[in-house]
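Take the position in the sequence shown, starting the count at 1, then add 12; the result is the number in the numbering used here.
Every residue, glycine too, gets a C-beta built ideally from N, C-alpha and C.
One structure is given below, encoded as structure tokens.
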Amino acid sequence: MKTARLALFAALIGLGSLLGSAHLSPAAAGWGSQYGWMGNKSYMDCLKYVGAFGADYPNRNKNIETCKRNYLPGGR
Numbered sequence: 013m014k015t016a017r018l019a020l021f022a023a024l025i026g027l028g029s030l031l032g033s034a035h036l037s038p039a040a041a042g043w044g045s046q047y048g049w050m051g052n053k054s055y056m057d058c059l060k061y062v063g064a065f066g067a068d069y070p071n072r073n074k075n076i077e078t079c080k081r082n083y084l085p086g087g088r
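Structural data, given as structure tokens:
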């Protein structure tokens, strides 16, 4: 019984630690600004509109570049 209580206590501590750190954004978690573009709602909406997350099709890359020019700082 004592072992079960200890395991339950450890599980609760682990779950609390996991949930406590869940509010961190990818940039705050050490990924840097490499994924900062994901927070740009206008850019993400443009990508969804042009179908950038679907299968490869003619002019797909051209459409993605147009979204970059229009919605990312510096048009990366």
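Through-space distance from residue j to residue i, alpha-carbon basis
{"i": "Y61", "j": "Q46", "result": "23 Å"}
{"i": "D49", "j": "K80", "result": "Residue identity check: residue 49 is Trp in the sequence provided, not Asp. Roughly 10 Å between the two C-alpha positions."}
{"i": "K53", "j": "R72", "result": "20 Å"}
{"i": "M56", "j": "E77", "result": "13 Å"}
{"i": "G86", "j": "T15", "result": "58 Å"}
{"i": "A67", "j": "N82", "result": "23 Å"}
{"i": "P70", "j": "A64", "result": "11 Å"}
{"i": "K74", "j": "G51", "result": "22 Å"}
Option nearest residue i by Cα separation, candidates the options
{"i": "L84", "options": "T15, C58, K14", "result": "C58"}
DSSP three-state assignment for residue i, whether helix, strand or coil
{"i": "D68", "result": "coil"}
{"i": "N52", "result": "coil"}
{"i": "L59", "result": "helix"}
{"i": "A39", "result": "Caution is warranted here: a pLDDT of 47 is assigned to A39, below 50, making its placement in the model unreliable, and the coordinate value is therefore given only provisionally. A39: helix per DSSP, three-state reduction."}
{"i": "T78", "result": "helix"}
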